[in-house]
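Undergrad:
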Amino acid sequence: QVAKAMAEGVRQWAGTDIGLAVTGIAGPGGGSAAKPVGLVYFGIGYPGGAKAFRRQFAGDRLQVKERAALAALDILRRYLLGNLEEELED
24 QVAKAMAEGV RQWAGTDIGL AVTGIAGPGG GSAAKPVGLV YFGIGYPGGA KAFRRQFAGD
84 RLQVKERAAL AALDILRRYL LGNLEEELED
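Using the numbering used here, count along the sequence shown one by one with no gaps and you end on 113.
#1: Leaving out the 5 sequence neighbours to the left and right, which residues in its chain are closer than 8 Å to Glu112 when beta-carbon positions are compared?
#2: By Cβ distance below 8 Å, which residues in the same chain neighbour Gly54 in space, the five residues on each side in sequence not counted?
#3: Among Arg100, Leu93 and Arg77, which one has its Cα closest to the Cα of Ala26?
#4: Closest to Tyr64 by C-alpha separation, out of Gly38, Arg101, Lys88 and Tyr102, would be which residue?
#5: Give me the residue from Arg84, Leu99 and Gly72 with the minimum Cα distance to Gly52.
#6: Is the CB-CB distance between Ala30 and Gly42 below 8 Å?
#7: Could you check the C-alpha separation between Gln86 and Val45 for me, to the nearest Å?
Below, the structure written as structure tokens:
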């Protein structure tokens, strides 16, 4: 998973306990049937592991970016609360 590797890279580069990464297709172009516009992958790296998640957002480029940023922060919040959902199976 690219997002998971990115999160681990951020964690190592910054020398922090947690790394967060976001990648995807915000649009308006660049989408395909397999990877449509609005598809976003998230990665979080932490001591002892890393997880990746996938979400699909509707809206224009700015809306997708805003929703993805909020979702990334929610993933971080859930990790800090010890309530991180199951990893993306992909």
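Every residue gets a Cβ at the ideal spot worked out from N, C-alpha and C, and that includes glycine.
TA: On the basis of the supplied data:
#1: Note on Glu112: pLDDT 47, under 50, position unreliable in the model; the coordinate value appears next. Nothing listed; no residue qualifies.
#2: Ile48, Val60, Gly61 and Leu62
#3: Among Arg100, Leu93 and Arg77, the Cα nearest to that of Ala26 belongs to Arg77.
#4: Lys88
#5: Arg84
#6: yes
#7: 15 Å
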